[in-house]
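Enquirer: Residue numbers (the numbering used here), protein chains in the order written: chain A, 3 to 105; chain B, 18 to 595.
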Amino acid sequence: MAGEKTLEKVVCEMEVEIKNSDGLHMRPAMRFVDIANRFDSEISVSNDQTNVDGKSIMQISMLAATCGSKLKIRAEGPDAQEAVDALRELVEDKHFDEPVPGK
Amino acid sequence: MEIKKGIAVSPGISIAKSLIIDSEDYLIPHRLIDNSQRGDEIQRVRDAFRNAIDELTELEAAQNQTSSKIKDIFAVHMRFLHDRSLRKKVTDFIQSELVTAEYAVSNTLREIASHFTKVKDAYISERAADIYDIERRLLKHLLGRKREEIGHLTEEVVIIARELSPIQTAGFNKEFVKGIASDAGGRTSHAAIVARSLGIPAVVALEDLTALVSGGDTVIVDGNRGIVIVNPDEQTTEQYRQYASEFEELEHKLDTIREKPAKTRDGTKITLLGNIEFPEEAQVVLEKGGDGIGLYRTEFLYLNTVHEPTEQEQYQAYSQTVEVFGDRPIVIRTLDLGADKYTQSKRFVPEPNPFLGLRSIRFCLQNLMMFKTQLRAILRASVLGNVKIMFPLITTRHELMQAKMILHDVMEDLAEESIEYNRDVQVGIMIETPSAALTAYSLARDVDFFSIGTNDLTQYTLAVDRGNELVSTLYSPADPAVLRLIRTVIQDAHKAQIDLSVCGEVASEPEYIMLLLGMGVRTISLAPPMIPEIKQVIRSVTMEDCNKVARKVLSMNNERHISSYLHDAARKILPEAF
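1) Considering just the uninterrupted stretch of the alpha helix (DSSP H) at S493/B, what are its terminal residues?
2) Could you pull out every residue in the same chain whose Cβ sits closer than 6 Å to the Cβ of K191/B, ignoring the five residues on either side in sequence?
3) Tell me which residues of the region 49-61 of chain A have at least one Cβ-Cβ distance to chain B shorter than 7 Å, keeping chain order.
4) Counting only Cβ-Cβ distances shorter than 9 Å, please list the residues of the region 18-45 of chain A near chain B, keeping chain order.
5) Run through chain B and tell me which residues come within less than 7 Å of M16/A, C-beta to C-beta.
6) Between which two residues does the alpha helix (DSSP H) carrying M387/B extend?
7) Using a Cβ-Cβ distance under 8 Å, would A66/A count as near chain C?
8) Which word fits R213/B, buried or exposed, when buried means at least 16 other C-beta atoms lie within 10 angstroms of its C-beta?
9) For V47/A, which residues from the same chain have a beta carbon less than 6 Å from its beta carbon, with the 5 sequence-adjacent residues on both sides left out?
10) Using a 10 Å radius around the Cβ and a threshold of 16 neighbouring Cβ atoms, would you call K195/B buried or exposed?
11) Just list the residues that DSSP pairs T235/B with in beta bridges.
12) Quick one, which of P497/B, A495/B, Q476/B has its alpha-carbon nearest V488/B's?
13) Going by beta carbon distance, what residues of the same chain come within less than 7 Å of A394/B, once the five residues before and after it are set aside?
14) Using only CA atoms, which one of P103/A, F98/A, G104/A lies nearest to P30/A?
15) The beta strand (DSSP E) that contains I423/B, what's its start and end?
16) According to a CB-to-CB cut-off of less than 9 Å, which residues of the region 51-77 of chain B neighbour chain A?
17) What is the DSSP secondary structure of E350/B, counted as helix, strand or coil?
18) Based on Cα-Cα distance, which residue from R67/B, V464/B, P494/B lies nearest to H511/B?
19) Verify the CB distance criterion: does Q361/B have a CB-CB separation below 8 Å to chain A?
20) I176/B and I197/B: beta carbons closer than 8 Å?
21) Using 8 Å as the threshold, is the region 379-398 of chain B in touch with the region 426-440 of chain B, meaning 3 or more CB pairs across them?
22) Can you find a CB in chain A that lies within less than 8 Å of the CB of F97/B?
23) Are the region 64-71 of chain B and the region 581-592 of chain B in contact at 8 Å, needing three or more beta carbon pairs?
24) According to the neighbour-count rule (16 or more other Cβ atoms, all chains shown, within 10 Å of its Cβ), is K163/B buried or exposed?
25) Between the C-alpha atoms of G343/B and I406/B, what's the straight-line distance to the nearest angstrom?
26) Determine the contact status of F317/B and F295/B, defining contact as a CB-CB distance below 8 Å.
27) Determine the extent of the alpha helix (DSSP H) in which M64/A is found, giving its start and end residues.
28) For the candidate residues D562/B, V221/B, S123/B, whose alpha-carbon lies nearest to that of R242/B?
29) When the distance is taken between beta carbons, is T456/B closer than 8 Å to V519/B?
30) Helix, strand or coil, according to DSSP, for R76/A in the structure here?
31) Taking 8 Å as the threshold (beta carbon to beta carbon), is D622/B in contact with chain A?
32) State yes or no: is the beta carbon of S102/B nearer than 8 Å to at least one beta carbon in chain A?
33) In whole angstroms, what separates the C-alpha of P346/B from that of D308/B?
34) Sort I62/A, G70/A, A66/A, Q51/A by Cα distance to I20/A and report the nearest one.
35) Can you list the residues of chain A that A92/B reaches, using a CB-CB cut of under 7 Å?
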């Protein structure tokens, strides 16, 4: 985990893995942006090819991340750390409250 | 302002806001806008998003569903509608490409949807359906109301469609539907027939009209000249208001001849009957001074309901009409479904060539239960007035014999059950195929009357699909081949001393009246709103004029010459109608 202090904002970055079986479909995408929108920080999410706004359901769902794919979450702003932590928890610990393979 | 020329199919002029309808997909006007309109279109996008959110909120509140799946769907759609970057994508598209709000919404959402369909994961690719849903919801607000709501209009509109199905037109409320304009269709398309019978101005065959109109645009439908004007300027609107009031005056003048007889100047009496489809139209026939009903189409009973109409339902519909007319004649045509009239139905497997397929009487003869149910209902109604039965699309004598045999079976059944019916009910046939016309001398021996259906007779004689705008110019009842067949039928009917009427579209076209009279026709059945105008033509001519016109036309061998000759002859008689 990298946290660096700049003049007024913090930038946080972290890689997460999608663990639920059905991947980042509509409902998980909705959960994701709902949490992202609680924070003041700007949040972006990227895979190998694209970098999208973490607060837009359109953009997040268009990542079409399937189970096992890795995404990089980047937050920039006063509450960047908290934002990244909350999103990591949702994706990796709670896996969007959805079933995971083999369970 | 855009001016489009089409085919005028129902007279009158209307000026109203457009309502775009279509059966399946929504129509997207792919029209470029001016720089100056960008702000307006962007505002329309914002409004559409806001209205869609309001609508969704209401829908969600009204849902008693506790299923979390359904709640999730609502919630996801709501997130999309609130998504600023989605809205921005749409408005940026308008800014850079100068397209309409509808086009930008459709294009943007479809692009997103196609992105999903490309994903290999089935679960994610199925999400495209959600995007289409959101697209439809937004378009609904941009394009106006949905089809289901046409029955519940609260303001005057002009209906714009690519093509109108019988089911769609059946639901039109004349009070609010002020005009009809469609891309496809011809003079005899279903939309045209319904428009004329309801007295709604209509123009068809406008090709790409739907691409030029946005929901809510002001549209002028000029059903006299076959012109449609989208977003007219002040001056044009004013001019058309004037035309409209002049037309109303003419209509009013024609109404005053309602009580006068349909007699030529030299005293030959002509019987004018109405073609109707819906029981409510029976009243229009009386208001316009008709002597009865020469063609009561019964398809509406089958088109308006999901289940097959019961004997009782049919009996009620028929008796309602019969009672209005007392002892005046009512010719009920048995079911004429198939081909153009029932293509929307899921009940019948589509045929490769429906006009030459299982339609009309052929369909009835293969669905005896249904056919017998209808005949029972008609026979029961026959004791209430002067009911006649007419079989459509007879092609051979054998078919006529089969139909008559079934009618007799039904009569016997009724007699056994001691149910009253008129034993002497008159039975006739439509002459609308070349084979029937050519064997009219023989068919005449077994029927009480003929009714010439010039629409189908023309299309089958000339091998032209009247609804196909690519060849519709080849369709003309004034073709010498068609006229020769009509003459044969009239002569054979006279020889056999049976009744004869003409009930095709030509019967409501002033330019054909002198010809028909001259050829020996004395009974005409036509769209009810046209009765006064045709009566006016009849009252303005002498049989001598008519005979001269008929002789001249039957000696001509070129359809165009015949058409223009008929037009000129009629214009001399009734200039204000042209």
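Glycine residues also receive a C-beta, built at the ideal position from the N, C-alpha and C atoms.
Expert: Let's see:
1) It is not in any alpha helix (DSSP H) - S493/B carries neither H nor E in the DSSP assignment.
2) L215
3) D55, S58, I59, M60, Q61
4) S23, D24, G25, L26, H27, M28, R29, A31, M32, V35, D36
5) The premise fails here: M16/A is roughly 23 Å from chain B at the closest Cβ pair, so nothing lies under 7 Å.
6) Unbroken alpha helix (DSSP H) run through M387/B: 385-398.
7) As a matter of chain content, chain C is missing from the structure shown, whose protein chains are A and B.
8) buried
9) V54, G56, L73, I75
10) buried
11) Beta-bridge partners of T235/B (DSSP): K34/B.
12) Q476/B
13) E328, Q331, Y332, Y335
14) F98/A
15) Run containing I423/B: none in the beta strand (DSSP E); it sits in the alpha helix (DSSP H), 414-433.
16) Within the region 51-77 of chain B, no residue has a Cβ lying closer than 9 Å to any Cβ of chain A.
17) What sits at residue 350/B in the sequence shown is Arg, not Glu. Reduced to three states, the DSSP call for R350/B is strand.
18) V464/B
19) With a pLDDT of 37 at Q361/B, under the threshold of 50, the modelled position of this residue cannot be trusted, and the question is left open.
20) yes
21) yes
22) Closer than 8 Å: yes.
23) Too few Cβ pairs lie closer than 8 Å, so no.
24) For K163/B, the predicted structure reports a pLDDT of 46, less than 50, and the residue's modelled location is therefore unreliable. A value from the coordinates is still provided. Exposed, because fewer than 16 other Cβ atoms sit within 10 Å of the Cβ of K163/B.
25) If I take the Cα positions, the gap works out to 17 Å.
26) Cβ distance < 8 Å, so F317/B and F295/B count as in contact.
27) 59-64
28) V221/B
29) no
30) strand
31) Missing from the structure shown is residue 622/B; chain B here goes from 18 to 595 and no further.
32) yes
33) Answer to the nearest angstrom: the Cα atoms are 8 Å apart.
34) G70/A
35) M32
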